[in-house]
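The block underneath contains the structure these notes are about, expressed in structure tokens.
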Amino acid sequence: MNKSKIALWTLGSLVVIYTLSGFFLAPYFAKKIATEELKKQYSIDLNIKKIYFNPYTFYIEIEDLNIYEKNTPLISFSQLSANFNPTKYLLNTLEISEASLSGLKVHPVLEKNEDLNFLRIFTKKTKSKTQNKESAPLIFKLDSFTLSDSFLHFKDLTQEKVFDLNVGPLNHTFTGLTTKPMEKSDHSLAFDLNEYGKLLINGKVTINPLIVQVKIDHSAIKLSNTDYIFKDQNFAFNNGVFEYMMDFILESNGKTIIKIPSFKAGVKDLELLVDENKTFESKNINLELLNLNFITDTKELEVEKINTFLHQNKIYDNFIAQESHLVDDLNISINKLDLNNTFDANVNAIIENTQKLKIDSKINLAQKDFEFDIGINSFDLSNYNKYLSKYANISMKYGFINLSSKLKIKPEDIVVENLIIDKMKLYIIMDNTQKDSQKQNIKKENGIAKTNNEKTQMNFELKEMSLNNSSISIKDKADLELKNINAKLSNVKQGTNAMLSLKANFSKHETISLDGKFNPFKPKQFFHLNGDIKSFNMQQLSPYSYGSIGRNISSGRLSDLFYVNIDKSQLDSNHKVIINNLDVSDHIDESGAATLPINLAIALLQDMNQVINLNIDIQNDLDDPSFKAHNIILTVLTNVIVKTVSSPFSLLGAIAGLSGDDLSGVTFEAGSEKLTQENIVKLDALKKVFDERPELSLKLCSAYDEDDDIKVLKEKALEALMKTNTVEQIAKEYTVEINKDQEVTKAAILNKIQIDSKTLEDLASKRANGILKHLLSLNVDKEKLTICPDIKTQSLDVKFELNAK
């Protein structure tokens, strides 16, 4: 046999051996080694139905691979195929021209001890005793790869109810993956995540250096099925579909940079539950974020612009008020967001169709420094009635406010540069059926009440606040309205006194003005206020007067020039009150109020022009538990009425220039009905009182004295007899013994003379009629004067009783 034949036989034998080894031996030993090695290293079982290898094309195909641990499936796939290029391995490159994987199934399990099975299973039990020498890194290249019809089955056994998630099919294709510097691969992924939506990813990846640039489209995510993700939170999604699209760039060149050139997200038909209560509802929410740069190692974050738009949202407050509020549009924009420097943020919103909110701000998160320009137009406070009724016993029928303000917030300072409220309209309904407003909750520890005063106190400053062209209507027992309010509050700051001024109208002719200064944080320590109320219609106070004095106010206008000073809880106040044309109804028994002689009090206080002038001083200790500010005015007025009607002649005497109770009656000389000069002076003064107090009427109650009047009348009778008779003749007539001493005889005659009651009553009547006659001569209205039908005894006085006309 020649050498050529030997060479051919040798070559043929090698080809046969190579062919047999590649097609049969290599798959057999690969399957055997893989099975034994996995068992040895990881205690897991591997089953492979078939391994096919073509030693000439270097094409490998694996069918029906299954990996188990204790009969529990871990990983399986239907088919894996790949084409290798062995010649490139000689150039330190592992190149796969084409690969595909289909029917992949992965079964991760989070076990009860919170271990993930994959992390435990794929941890080697034995350590290699050999160490590979350092060598040049192998370049890996995969020209194309296809993942199709793959599924993920995840179980969480740590929950009371096992969480079971099936995701798929998952599909992924990419081309050009390589670890060679600056070469990119193109990727396309399509995942059906079932209740977690559909995920599409298209991108380019560079391994060396790592650069990832992708476009992500994730849609149809059912938020109502995400309870597992938020299981540790107190909120859940009752409904809602979420989707987002984003451009994402990751660069790593000594520092990691994340860039998001564009991010758009949207939620439809959202319902959020907090503590099982519906808290937020939205028909549509859209979020747009542009040009986000995030550098991980320097913690810098920069955003060129963020825009948020919310459409037709209902925000429910289930924590306090159980009330919903509709947000029609909300736009948020943030320009050049930088964690270390100042950036701008702007908010624009339309609430309940008409209410507008605008906030322009400068924010420095590193310095905790914030500046806000706030604008609110037509903001309807009545939407927040549940707050008001819970804490203040009031509700808002309507309450529109227009507001603008400049606000600065620093770590320990809050400064309001200016606060302008324009054209505010409030209609407040007071709820008198509720208890006093709830006080702030006080935490108790070991039975001792404690507040949160231990927290660091913020320094608050309000430089200036203006209230312009506003109105407030209050419906309590009465309807009160304050219009055209223009007020200014300034210098609200710790350690200084704030300044306050206010002007407003109750109606066209009713005004109020206030001017003062006070300690805004401790008003009981210092509060000085001067005020002037002009021409207030008192008829509006009828609901209050009904309960306090049992009468309605038919008419009357009140003016009050006053000051209120409080120093160290001591109240000192003076009111110069003028009331015009006051008139009240008769007493109403159903009111339950005590019966007071109000008409008499009005007649006593009201002058000829129907004007009442009062000078009222009020002093009190504000720390006195019995002191109640809301009752003080009515209490003082009631005291004035009681004092006036209990000693009316002192008041009238002061009008006439007399002292004490000089006008309470006229005293006559015994046995006489003649007015003395002193009595005439009194009656002339009483005429002046009638001129000043035209609503008064007077009763003249006459009297006689059985001792003094009878004695004088007997003496006058004796004197009359002695004009025509001698003492002896008179003595015989009265059968009196004549004594040598004529005075003794006279005394005996006086003892015999009788004065009957008719004479005494005639004397008393003459006295009252004499006064009546004199007053009529002074042109006092006859209708104002009456004589008491009863005659009193044991008095020389005609007493006066005052009544209202």
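620 is the number that my numbering gives to position 532 of the sequence shown; each next residue is one higher, with no gaps. Even glycine gets a Cβ: it sits at the ideal position worked out from N, Cα and C.
- Closest by C-alpha distance to Ile686, out of Asn697, Val699, Leu670, is Leu670.
- Nearest C-alpha to Ile641 among Ile148, Leu629, Asp648, Val886: Leu629.
- Counting C-beta atoms within 10 angstroms of its own C-beta, Ser131 has fewer than 16 neighbours from the protein chains shown and is therefore classed as exposed.
- Secondary structure note for Arg781: it is in no alpha helix (DSSP H), with a DSSP letter that is neither H nor E.
- Thr812 sits exposed, since fewer than 16 C-beta atoms from the chains shown fall within 10 Å of its C-beta.
- If you draw a 10 Å sphere on the C-beta of Val824, you find 16 or more other C-beta atoms in it, and that means buried.
- The Cβ-Cβ distance between Met626 and Arg645 falls below 8 Å.
- The beta carbon of Glu780 sits closer than 7 Å to those of Asp695, Met696, Ile743, all from its chain and outside the five residues before and after it, given in chain order.
- Between Phe458 and Lys498, the alpha-carbon positions lie close to 6 Å from each other.
- In this structure, Ala691 sits away from Leu884, with a CB-CB distance that is not shorter than 8 Å.
- Beta-bridge partners assigned by DSSP to Tyr634: none are found.
- If you look at Leu866, you'll find it isn't in any beta strand (DSSP E); DSSP assigns it neither H nor E.
- Restricting attention to beta strand (DSSP E) runs no shorter than 3 residues, the region 611-674 encloses them at 614-625, 641-655, 658-672, ordered along the chain.
- The residue among Thr266, Ile562, Glu157, Leu751 with its C-alpha nearest the C-alpha of Lys128 is Glu157.
- For Leu693, the uninterrupted alpha helix (DSSP H) segment begins and ends at 686-693.
- Minimum Cα-Cα distance from Lys872 among the listed residues Leu863, Leu230, Gly285 corresponds to Leu863.
- Boundaries of the alpha helix (DSSP H) harbouring Met810: 796-810, taken from the DSSP string.
- With fewer than 16 other beta carbons inside 10 angstroms of its own, Ala808 counts as exposed.
- For Ile704, the enclosing beta strand (DSSP E) has its first and last residue at 699-709.
- Sequence-distant Cβ neighbours of Asn473 in its own chain, meaning closer than 6 Å and more than five residues away, are Ser483, Met484.
- Counting along the chain, the unbroken alpha helix (DSSP H) around Thr833 starts and ends at 830-840.
- Under the DSSP assignment, Ile743 falls in the alpha helix (DSSP H) whose first and last residues are 736-744.
- By the beta-carbon neighbour count (other beta carbons within 10 angstroms, threshold 16), Val832 is exposed.
- For Leu491, the CB contacts under 6 Å within the same chain, skipping 5 residues up- and downstream, are Ile464, Ile509 in chain order.
- Rounded to whole angstroms, the gap between the alpha carbons of Ile573 and Phe594 is 10 Å.
- Checking the DSSP bridge columns, you'll see Lys591 partnered with Asn574, Ser601.
- Within the model, the alpha-carbon separation for Leu377 versus Phe336 is close to 12 Å.
- Taking C-beta atoms as the reference points, Asn374 and Pro349 fail to come closer than 8 Å.
- The closest CA to that of Val868, considering only Asp878, Lys776, Leu838, Asn827, is found on Lys776.
- Burial of Gln443 is indicated by the presence of at least 16 other C-beta atoms within 10 angstroms of its C-beta.
- The Cβ-Cβ distance between Ile837 and Ile818 falls below 8 Å.
- Ser559 is positioned such that its CB atom lies no closer than 8 Å to that of Asp567.
- In this structure, Leu588 sits near Phe606, with a CB-CB distance shorter than 8 Å.
- Shown here for Lys787: same chain residues with a beta carbon closer than 6 Å to its own, the five before and five after excluded, namely Thr874, Cys876, Glu889 in chain order.
- For Gly753, the CB contacts under 6 Å within the same chain, skipping 5 residues up- and downstream, are Asp885, Val886, Lys887, Phe888 in chain order.
- At a cut-off of 3 residues, the continuous stretches assigned as beta strand (DSSP E) that sit fully inside the region 139-197 are 147-157, 160-173, 181-190.
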